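Numbering (my numbering), first residue to last: 22 to 200. C-beta: ideal position from N, C-alpha, C; glycine also. These numbers come from a predicted model, not from an experiment. Single-structure report; data block below.
Structure follows, in structure tokens:
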């Protein structure tokens, strides 16, 4: 039987994981599995000029701390540019950059973010599917266990999914879970 202190600590841990499940872990890598980047900022929160980078500013790979830390909240997440010097590649890259709206959304304080990244790894993140399903599989390094966090469904399609689930036997999110 679990004592009260352990139960309270477990509830705190699960609440933290539930909150973290809303952060955009899908921004760690692009659809090809390549790490995404953000601009590195100086002590004045300004981009660092560096002409050796394709955009003329120093870029750094996103890590878990960037994702969860409020210090990086609203930082633009850069699209990975295609390589090539031809005009079509340049135009495609400019279009990707122009239409990119990806931003970090972490809300943890500095200390909470550091503690979180020391303790947990993100093993799998299923971003919102068409039917509003989303889940993240975390690995707890301290307790050597996996923990899954299901996120509340979001978006306009979600209302339809929830409505159909409540009035019929259709459960479109179940299919997302089974995949």
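Query: Own chain residues within Cβ distance below 7 Å of residue 121, not counting five before or after; Result: 100
Query: Bounding residues of the beta strand (DSSP E) (the contiguous stretch that carries residue 157); Result: 156-161
Query: Same chain only: Cβ atoms within 6 Å of residue 56, ignoring 5 sequence neighbours per side; Result: 50, 82
Query: Whole-angstrom C-beta distance between residue 89 and residue 129, which should lie under 8 Å; Result: 5 Å
Query: Counterpart residues of residue 167 in DSSP-defined beta bridges; Result: 160
Query: Endpoints, the beta strand (DSSP E) within which residue 145 is located; Result: 141-147
Query: C-beta atoms of residue 44 and residue 126 nearer than 9 Å; Result: yes
Query: Cα-Cα separation, residue 138 to residue 39; Result: 15 Å
Query: The alpha helix (DSSP H) enclosing residue 117, as first and last residue numbers; Result: 108-120
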